[in-house]
Amino acid sequence: MYEPKIIGFLCNWCSYRGADTAGMARMKYPPNVKIIRVPCSGRISPELVLRTFREGADGVMVLGCHIGDCHYSTGNHRTAKRMPVLKKLLEYSGIESERLYINWVSAAEGEKFATVIKDFTEQISALPPFVETMK
Amino acid sequence: MSDRLSSLRETIEKILPDVDGVIALRTGPGGIVAPYLFSKEHPGELAELALWPKEPVPDTLKIILRAHPDAKLAIVCRGCEERGIVEMFKHAQFSLENVTLIGLQCDQQEVESCQCFKPFTVHAKLTVGQPVEGVRDPLMAKVMAMSQPEKLAFWKEEFSHCIKCYGCRNICPQCFCNICALEDEKWVETGRLPMPNPSMYHMVRAMHMTAKCVGCHECEETCPADIPMAVQFRLIARDVKEMFNYEPGAVMDQKPPQLLVLEEGEYENTGLPH
Ligand code: SF4
Ligand code: SF4
Ligand code: SF4
Ligand code: FES
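Here it is as structure tokens:
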């Protein structure tokens, strides 16, 4: 079995702190997700996600504050508008849309963070390596 | 054909004295049909008025209004062109205050040739021709019926013919950014053909056409490699209608969803987790 490469874009104010909470509680989760901290999930443009795939990621996660809790009030509304469309585009392009994952994790939700990482890593492991499919 | 042509000519003749010019198609020297600005100074030129093949006239309107913002103009537009004009207006490309729309309804034959879903205007007060029903582009259903690996193979094959001439972007009336992401090395590699997969060029453009593509088919018409890239835009348009209840060009005072925050009930349609 191959070790999938996953990039997780985590917003600074909720999800990144949720990751901290999980770490502090010494929760176990697979190490495949490389975390990139961003100011807000709304920072993640479709271009960034696509380039992350182009660079060889097998899966991309975008985690942000729950709707209503965004530090910039409606940054994650952008996420909720753009990412579902991008998932559709992946589907219509013949790329497994489950390679892109969006969820909301608050600073307190360490356990949710660990579960989300574990589930997504499993989900991506079941798919062939992305670069292979692009050949 | 000739019927619509003469009633269009009459409509233009009627409005011509009240405006600075009317944008419509004209058969020029060598029999080439192109957008033209008819004016009251040269009414005789209306003898050369033409209907088809269609041209991206929303861009012609923009070019003239940029140079002459106060000009009082009328423009002959088909359904897709009217939608294009409405979207350009919503994205602040020009003001429509001094613009009169003359709707030209497409006939059955034209609808077949474009595989157009909405071949009639809905805003123009003046219209010429009888509206006919639109059709669904059969390629949409064909792509949707493919399995995931089949879709991938289909687009790999199609995009392998792309020579990255930027023709599809240049012709698109809805591609009007001053700085285009497709010219940014961060997103689109230059100097490499065939394009590497996944094609950043085509995927980025597809995302940018969300809630913007009006289905005029200009990009597909212009493509030297015959790539049906706008099928993806049309599939996404269906989703945008379901998720955010938005249809480009349909409602004049409805803002595009990318300019708004989530509205009540929209989140439930996005398929995102709770
Ligand atoms: S017009 Fe066709 S060949 Fe040119 S860039 Fe667009 S898809 Fe590629
Ligand atoms: S993407 Fe193509 S079909 Fe859509 S508005 Fe632009 S030129 Fe017309
Ligand atoms: S491709 Fe995107 S950035 Fe380029 S002109 Fe079109 S909408 Fe603008
Ligand atoms: S700050 Fe967390 S999603 Fe905007």
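Here the protein sequences come in this chain order: S and V.
The numbering of the first sequence is numbering that gives the first Met the number 0, which starts it at 0 and goes up by one.
The numbering of the second sequence is numbering that gives the first Met the number 0, which starts it at 0 and goes up by one.
All residues carry an ideal CB built from backbone N, CA and C; glycine is no exception.
Residues that V142 (chain V) contacts on chain S, provided the C-beta gap is smaller than 8 Å = Y91
Using a beta-carbon distance below 7 Å, is W154 (chain V) in contact with chain S?
-> yes
Within the present structure, is the beta-carbon of M173 (chain V) separated from the nearest heavy atom of ligand 2 by less than 6 Å?
-> The question names Met, yet the displayed sequence has Gln at residue 173 (chain V). It does: the Cβ of Q173 (chain V) is within 6 Å (strictly closer) of some heavy atom of ligand 2.
So, are the CB atoms of I116 (chain S) and D57 (chain S) less than 7 Å apart?
-> no
Please state if the CB of T51 (chain S) and the CB of I5 (chain S) are separated by a distance shorter than 7 Å.
-> no
Buried or exposed (CB count within 10 angstroms, at least 16 for buried), A229 (chain V) = buried
First and last residue of the alpha helix (DSSP H) that includes C167 (chain V)?
-> G166 to I170
Given Q173 (chain V) as reference, the closest of V:F119, V:H160, V:R8 and V:E80 once Cα atoms are compared = V:E80
For A91 (chain V), verify whether its CB is less than 6 Å away from any heavy atom of ligand 3.
-> no
Are the stretch 112-123 of chain V and the stretch 154-164 of chain V touching by the rule of at least three beta carbon pairs closer than 8 Å?
-> no
Does A73 (chain S) come within less than 7 Å of chain V when only Cβ atoms are used?
-> The sequence given here has Thr at residue 73 (chain S), not Ala. Yes - at least one Cβ of chain V is within 7 Å of the one on T73 (chain S).
Under 7 Å between C-beta atoms, does Q173 (chain V) make it to chain S?
-> no
Can you list, in chain order, the residues of its chain whose CB lies under 6 Å from that of Y100 (chain S), leaving out five sequence neighbours each side?
-> M60 and F119
What residue does the alpha helix (DSSP H) around L64 (chain V) start on, and which one ends it?
-> V56 to A66
State yes or no: is the C-beta of E246 (chain V) nearer than 6 Å to some heavy atom of ligand 2?
-> no
Going by C-alpha distance, which of S:E108, S:L9 and S:C69 is nearest M23 (chain S)?
-> S:E108
Can you have a look at E219 (chain V) and say buried or exposed, based on whether 16 or more other CB atoms are within 10 angstroms of its CB?
-> buried
Is A229 (chain V) near ligand 2, in the sense that its beta carbon is under 6 Å from a heavy atom of that ligand?
-> yes
Do L85 (chain S) and P45 (chain S) have their C-beta atoms closer together than 7 Å?
-> yes
By how many angstroms is the C-alpha of T59 (chain V) removed from the C-alpha of V32 (chain S)?
-> 50 Å
Since A180 (chain V) meets chain S, which of its residues come closer than 8 Å, beta carbon to beta carbon?
-> E46
Quick one: which chain S residues come within Cβ less than 7 Å of Y266 (chain V)?
-> I66 and A79
Checking contacts by CB at 7 Å: is T209 (chain V) closer than that to chain S?
-> yes
Relative to ligand 1, is the shortest distance from any of its heavy atoms to the C-beta of G166 (chain V) smaller than 6 Å?
-> yes
Using a Cβ cut-off of 7 Å (strictly closer), state whether K150 (chain V) contacts chain S.
-> yes
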